[in-house]
Amino acid sequence: MSRRNELERHRQNMGEIRNIMNSMKTLAYMETRKLARFQESQLAVVNSIEAVAADFLSAYRHPIPETGKPAPVYLLIGSERGFCGDFNQSIANHLASTNRADADHPPELLVVGRKLHSLYQHAPQNPGFVVGASVAEEIPRVLAAITQWLAARQHGTGLSLHGIYHSADGVTERRLLPAFSQQREDLPAPRHPPILNLPPLLFFGKLVEHYLFALLHAMLYSSLLAENHRRASHLERAVKHLDSETERLRQTCSSLRQEEIIEEIEVIMLSASSLDHT
1 MSRRNELERH RQNMGEIRNI MNSMKTLAYM ETRKLARFQE SQLAVVNSIE
51 AVAADFLSAY RHPIPETGKP APVYLLIGSE RGFCGDFNQS IANHLASTNR
101 ADADHPPELL VVGRKLHSLY QHAPQNPGFV VGASVAEEIP RVLAAITQWL
151 AARQHGTGLS LHGIYHSADG VTERRLLPAF SQQREDLPAP RHPPILNLPP
201 LLFFGKLVEH YLFALLHAML YSSLLAENHR RASHLERAVK HLDSETERLR
251 QTCSSLRQEE IIEEIEVIML SASSLDHT
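Counting in the UniProt record's numbering, the sequence shown runs from 1 upward without gaps.
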């Protein structure tokens, strides 16, 4: 097989790969549009619950007495799939760079996503693992697995739960439990305390459940949205690179074909010259 034929076959293979990557890029863009709508609605729910909590905590500052130092747990939300650059490594780097209170006793970890979990396979903490979501419709399944894992670790002192995930601002760390820790500071006394149909302790417990459910939803949507943005950008660059390489190969093949034509013409002319001398 001539070199030109080999290059033509290689160019054809690159074209097929390019079409596959372009389809993956299109799917990622479509997923971002869907996730953006879900994320907007979920953030509105979170903001509404935080407003209710602010009203409640202004009248009931300490509805649940502290019983000890909560066990620290870090929820790390990564990706289930690849083609998203340093998406997962940046989560691991953030956790490693953050100063922890007790270096001799590292916090317990729950890792979401196979690609991120692969970075912790030999970690001393032996982190928990939840299969991540590839599309928005899989987020309820991921959320159910997270809440089940957390419920199995609840004890008398509760949990100090932190989430590390990707948002529109980059890698973000957020404290989830104890809930509303920021809202409890510098709250003004209410002129009219809220009227409750439940005992304050029971009301606050239900409010925390709804808040954690809504906030985890928002974090998972945010992470998957950022992941698909990364994937779309990553694949866009890859497609452009393949287009450039394909064009370079096309020009090379065209040049080789011209050389072959010139050689064929020279052979014909030599043959004609030989016939003239006979």
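Idealized CB from N, CA, C, for every residue including glycine. Small disclaimer: the values here were computed from a predicted structure and weren't measured.
Taking all protein chains in view, the Cβ of residue 219 is crowded by 16 or more other Cβ atoms within 10 Å, so the residue is classified as buried. Within the same chain, Cβ atoms closer than 8 Å to the Cβ of residue 146 are found at 75, 110, 112, 130, 216, the five residues on either side in sequence being excluded. Here the alpha carbons of residue 42 and residue 52 stand approximately 16 Å from one another. Sequence-distant partners of residue 165 (beyond 5 residues in either direction) whose C-beta falls short of 7 Å from its own C-beta, in its chain, are 77, 172, 219, 222, 223. With respect to the C-alpha of residue 201, the residue from 251, 56, 192 having the closest C-alpha is 56. DSSP, reduced to helix, strand and coil, places residue 162 within a strand of the structure shown.
Contact between the region 196–211 and the region 111–128 is absent: fewer than three C-beta pairs spanning the two stretches fall below 8 Å.
Under the 10 Å beta carbon count, residue 25 is surrounded by 16 or more other beta carbons and is classified as buried.
For the options 30, 10, 17, the alpha carbon positioned closest to that of residue 231 is the one of 30. In the DSSP secondary-structure assignment, residue 72 is bridged to 160. Classified as buried, residue 80 has 16 or more neighbouring CB atoms from the shown chains inside 10 Å of its CB. Inter-segment contact for the region 1–17 and the region 251–262 is present: three or more beta-carbon pairs are separated by less than 8 Å.
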